[in-house]
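Visitor: In the working numbering, the protein residues as written are 183 to 361. All C-beta atoms in this analysis are idealised placements derived from N, C-alpha and C, irrespective of residue type, glycine included.
1. Between which two residues does the alpha helix (DSSP H) harbouring residue 238 extend?
2. Cα separation between residue 374 and residue 360?
3. Hey, how far is the Cα of residue 266 from the Cα of residue 212?
4. How is the alpha helix (DSSP H) around residue 346 delimited, first residue to last?
5. Report all residues from its chain with a CB closer than 6 Å to the CB of residue 428; omit the five preceding and five following residues, and keep chain order.
6. Using 8 Å as the cut-off, can you tell me whether the stretch 196-209 makes contact with the stretch 259-274, which would need three or more C-beta pairs spanning the two stretches below that distance?
7. Would you please state the rounded distance, in angstroms, between the beta carbons of residue 284 and residue 326? I believe it to be under 8 Å.
8. First and last residue of the alpha helix (DSSP H) that includes residue 308?
9. Just tell me which of 319, 274 and 189 has its CA closest to the CA of residue 338.
10. Within 10 angstroms of the Cβ of residue 324, are there 16 or more other Cβ atoms? Answer buried if so, exposed if not.
11. Starting from residue 243, follow the alpha helix (DSSP H) in both directions and report where the run begins and ends.
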């Protein structure tokens with residue numbers, strides 16, 4: 183195994199992402215076990231900043247591919263990262279939606295994907311792929327990606343409906359004030 187600056191950087195990046203997703207997952211699980219269903223309402227307030235930091239850091243993955251540090255296809259990764267960041271920005275802008283249970287489910291799925299992906303990337307970087315980890319990564323990623331896509335789609339639909347409802351209420355409020 184050769185040590186280089188790019189290998190050290192990629193290892194540090196993947197380790198940081200793994201630690202971030204582990205922290206979010208552990209805290210969400212602890213809150214859920216402590217408070218039950220009441221923890222769903224405060225999920226975004228409790229882990230939203232860390233989730234935003236992890237998603238902001240994920241933008242670096244596009245540069246990893248563009249600079250040749252990683253050998254992946256750029257367009258699928260670009261779509262995945264942008265989709266998550268746009269959804270996260272919409273969540274930040276709509277405070278009414280932040281307490282919905284689907285936000286908790288979405289964060290869990292994103293973190294499960296991170297917990298499946300980043301250890302696998304770390305093992306591949308050091309040149310010792312752990313085959314059980316590879317099997318778990320490849321087997322569980324498919325259903326989790328599908329569930330994540332479904333919850334992202336339903337979240338986006340609910341966000342757009344909520345935003346439209348909010349705009350309609352504001353327009354009715356303006357009409358009532360002018361009359």
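Guide: If we stick to the structure as given:
1. Looking up residue 238 in the chain shown gives position 56. From DSSP, the alpha helix (DSSP H) with residue 238 extends over 225-239.
2. Here the chain comprises residues numbered 183 to 361, so residue 374 is not present and cannot be evaluated.
3. The residue labelled residue 266 in the question sits at position 84 within the chain shown. The residue labelled residue 212 in the question sits at position 30 within the chain shown. Those two C-alpha atoms are separated by around 24 Å.
4. On the chain shown, position 164 is the one that residue 346 refers to. 313-360 is the extent of the alpha helix (DSSP H) around residue 346.
5. No answer is possible for residue 428: it lies beyond the span of the chain, which begins at 183 and ends at 361.
6. no
7. Numbered from its first residue, the chain shown carries residue 284 at position 102. Numbered from its first residue, the chain shown carries residue 326 at position 144. No, residue 284 and residue 326 are not in contact; Cβ-Cβ is about 16 Å, not under 8 Å.
8. For the purposes of this step, residue 308 is taken as residue 126 along the chain shown, with counting starting at 1. Looking at the DSSP string, residue 308 is not in any alpha helix (DSSP H), and its letter there is neither H nor E.
9. Here residue 338 refers to the residue found at position 156 when the chain shown is read from its first residue. Of the candidates 319, 274 and 189, the one whose C-alpha sits nearest the C-alpha of residue 338 is 274.
10. As a working mapping, residue 324 is identified with position 142 in the chain shown. That one is exposed.
11. In the chain shown, residue 243 corresponds to position 61, counting from 1. That run of the alpha helix (DSSP H) goes 242-249.
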